[in-house]
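Residue numbers for the sequence shown follow the numbering used here, beginning at 191 and rising by one. Idealized CB from N, CA, C, for every residue including glycine. None of these values were measured; they are calculated from a predicted model.
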Amino acid sequence: MSTATLNYPIEDAEAASIEIAKHVDKWRDQEGNLIMILHEIQDEHGYVPRQISMELANELDVSLARIYEVITFYQYFKLTPPGRCNIAVCNGTACYLKGAAHILSQLESKLDIKEGETTEDRAFHLETVRCIGCCGMSPSLSIDGKTYGRVRSSDISELLEEASKEKGLR
Ligand code: FES
């Protein structure tokens, strides 16, 4: 996922309403429009803001519960804003056996967040994923889609510094 063009957060009702009108107009009478609209919102913001879901429920005349049912069913949709830099630690079997948990806890402690959380300044988001396709180089992680293999605890600081520099963070 690219985070370069994300617009967030949407916090007030008016902004959410303008945003939703644009999507609903485009998909109004089409079958499966709820999921198509949610995709567009996720792509645009990197998550589905609650205010947007509430407006969408109004506009499409569906319950908020139905919208959340869809959002939570598909892993693609997120309920919290991403960081400008997203770190995914592989927790698949091969990586797990090679110490993924230790890598994760190092990152949690350096960033002062838990898995699934974003730092307060929205610089970093940390999550775990299942197998990123390079089991032969476990333990692995990816930073904004770029994969790193045979990661050691001693690499973590350097990886974070590199990512910060690339994104101009902090
Ligand atoms: S299990 Fe980690 S890359 Fe496959």
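Top-ranked residue by Cα proximity to E310, from S253, L224, N281, P272: P272
At a cut-off of 7 angstroms, would you count I261 as near the ligand SAM, judging by its Cβ distance to the nearest heavy atom? Inclusion of the ligand SAM in the displayed structure is not the case, the ligand content consisting of the ligand FES alone.
Quick check: the Cα distance between F204 and P239, rounded to an integer number of angstroms? The amino acid occupying residue 204 in the given sequence is Glu; Phe does not appear at that position. Their Cα atoms are separated by approximately 13 angstroms.
On the DSSP bridge assignment, give the partners of N276 in chain order. Looking at the DSSP assignment, N276 forms a beta bridge with H315.
Pick from L287, Y286, I227, A313 that is closest to R274, judged by C-alpha positions: A313
C-alpha distance - E298 paired with E221, whole-angstrom precision: Rounded to the nearest whole angstrom, the CA to CA distance from E298 to E221 is 42 angstroms.
Would you tell me roughly how many angstroms separate the C-alpha atoms of E317 and I303, rounded to the nearest one? Cα to Cα, the separation comes out at about 10 angstroms.
From what residue to what residue does the beta strand (DSSP E) around S328 run? From DSSP, S328 is part of no beta strand (DSSP E); its letter is neither H nor E.
Consider the C-beta atom of S332 and the heavy atoms of the ligand FES; say whether any pair is separated by less than 7 angstroms. Not under cutoff, so the answer is no.
What first and last residue would you give for the beta strand (DSSP E) that runs through Y338? 336-338
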